[in-house]
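For reference, the structure discussed in these notes is given below.
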Amino acid sequence: TSLKEKHKILHQLLQNSTSPVDLA
Amino acid sequence: THHSTMSPEEFISRIMEAEPPEIYLMEDLKKPFTEASMMMSLTNLADKELVLMISWAKKIPGFLELSLTDQIHLLKCCWLEILMLGLMWRSVDHPGKLIFSPDFKLNREEGQCVEGIMEIFDMLLAATSRFRELKLQREEYVCLKAMILLNSNLCTSSPQTAEELESRNKLLRLLDSVIDALVWAISKLGLSTQQQTLRLGHLTMLLSHIRHVSNKGMDHLSTMKRKNVVLVYDLLLEMLDANTSS
């Protein structure tokens, strides 16, 4: 499994420009 | 402004601005706790804090210049240490108590209801007392937290490709900036040069204790998950699995 697949949420939060507070 | 051209004062001001907001558990706590209810409250809070932690890391000058692989590795290595240092900072003025959030405060004895957690509570309280003795300042605290993040994976990976080497060099320069910032913060306290050196040593030595408690905490949480005492989900599960499988 790739690192990105293994850490889907983490990867998404790092890449996303939207505030993680909104995503939460 | 790039972090390499920032003054230590400017760098600290940027990491102070990056500090996450106060977070509330927002649950009706039914006391006395059961093993399951306390573990559920602890993990719910950790999951909320983790989301804010990613946002915090992204605001540290230079962090987003590192490779995505390094960003992921650093966060998965240090997340529990960061949570624990934050807990110690919130608890520093409350001897004998652990202030997980403004609406979730525990006494040492309340740890009795969860098997194996009292030992971890005691280690957390002991490290918090040490910070209290040292009269830890907010500027120093934010520097230590950034140091934990950037130092977390330094000795467990070695760069193979040119891209990895470039990211590692950036990471080392970034650590230089954080160390400079901590040295500057200590220099503002009106201590002699020797006392400043000693304080730097004492503060950074505490980081090895935090790593130790974090490892204990990680083992404990994995055990609680394996025994189905608590259901671990979302970002916390991703971070925990990352740790237990590596």
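Respectively, the protein sequence lines represent chains A and B.
Residue numbering for the first sequence follows our numbering, beginning at 32 and increasing consecutively.
Residue numbering for the second sequence follows our numbering, beginning at 832 and increasing consecutively.
All C-beta atoms in this analysis are idealised placements derived from N, C-alpha and C, irrespective of residue type, glycine included.
Excluding five sequence neighbours on each side, which residues of the same chain lie with their C-beta closer than 6 Å to the C-beta of residue i?
i, result
"residue 899 (chain B)", "none"
"residue 847 (chain B)", "973"
"residue 34 (chain A)", "none"
"residue 948 (chain B)", "942"
Can you give me the C-alpha to C-alpha distance between residue i and residue j, rounded to a whole angstrom?
i, j, result
"residue 851 (chain B)", "residue 914 (chain B)", "11 Å"
"residue 942 (chain B)", "residue 1038 (chain B)", "24 Å"
"residue 41 (chain A)", "residue 888 (chain B)", "12 Å"
"residue 935 (chain B)", "residue 927 (chain B)", "14 Å"
"residue 975 (chain B)", "residue 845 (chain B)", "14 Å"
"residue 999 (chain B)", "residue 1035 (chain B)", "21 Å"
"residue 960 (chain B)", "residue 967 (chain B)", "10 Å"
"residue 963 (chain B)", "residue 45 (chain A)", "34 Å"
"residue 1028 (chain B)", "residue 1059 (chain B)", "47 Å"
"residue 988 (chain B)", "residue 38 (chain A)", "18 Å"
"residue 1054 (chain B)", "residue 1040 (chain B)", "21 Å"
"residue 1050 (chain B)", "residue 937 (chain B)", "21 Å"
"residue 53 (chain A)", "residue 47 (chain A)", "Any reading at residue 53 (chain A) needs caution, since the residue's pLDDT is 48, under 50, leaving its predicted position unreliable; the model's value is listed next. Rounded to whole angstroms, residue 53 (chain A) to residue 47 (chain A) spans 11 Å at the Cα level."
"residue 1023 (chain B)", "residue 1031 (chain B)", "12 Å"
"residue 1033 (chain B)", "residue 1052 (chain B)", "29 Å"
Please classify residue i: is it buried, with 16 or more other beta-carbons within 10 angstroms of its beta-carbon, or exposed?
i, result
"residue 1073 (chain B)", "buried"
"residue 1046 (chain B)", "exposed"
"residue 886 (chain B)", "buried"
"residue 992 (chain B)", "exposed"
"residue 972 (chain B)", "buried"
"residue 1016 (chain B)", "buried"
"residue 978 (chain B)", "buried"
"residue 880 (chain B)", "buried"
"residue 933 (chain B)", "exposed"
"residue 982 (chain B)", "buried"
"residue 1056 (chain B)", "buried"
"residue 51 (chain A)", "Low confidence applies to residue 51 (chain A): its pLDDT is 48, below 50, so where it sits in the model is not reliable enough to give any reading."
"residue 957 (chain B)", "exposed"
Short of 8 Å in beta carbon distance, which residues of its chain neighbour residue i, apart from the five on each side in sequence? Order them along the chain.
i, result
"residue 944 (chain B)", "863, 864, 865, 866, 869"
"residue 1064 (chain B)", "878"
"residue 841 (chain B)", "832"
Measure the beta-carbon distance from residue i to residue j and round it to whole angstroms, keeping in mind my assumption that it falls under 8 Å.
i, j, result
"residue 911 (chain B)", "residue 931 (chain B)", "With a Cβ gap of about 13 Å, residue 911 (chain B) and residue 931 (chain B) do not count as contacting."
"residue 883 (chain B)", "residue 854 (chain B)", "6 Å"
Taking 7 Å as the limit between beta carbons, can you name the residues of its chain near residue i, skipping five residues before and five after?
i, result
"residue 921 (chain B)", "930"
"residue 907 (chain B)", "1070, 1073, 1074"
"residue 874 (chain B)", "1061, 1063, 1067"
Starting from residue i, find everything on chain A with Cβ-Cβ shorter than 7 Å and list it in chain order.
i, result
"residue 1066 (chain B)", "40, 41"
"residue 900 (chain B)", "34"
Identify the contact partners of residue i in chain A, using a Cβ-Cβ distance below 9 Å as the criterion.
i, result
"residue 849 (chain B)", "Those within 9 Å of residue 849 (chain B) in chain A number zero; the least Cβ separation is about 13 Å."
"residue 1069 (chain B)", "37, 38, 39, 40, 41"
"residue 976 (chain B)", "Neighbours of residue 976 (chain B) on chain A: none; closest Cβ ~17 Å, over 9 Å."
If the cut is a Cβ gap below 8 Å, which residues of chain A does residue i touch?
i, result
"residue 889 (chain B)", "45"
"residue 1086 (chain B)", "Nothing about residue 1086 (chain B) can be reported from this structure: the residues present for chain B run from 832 to 1077 only."
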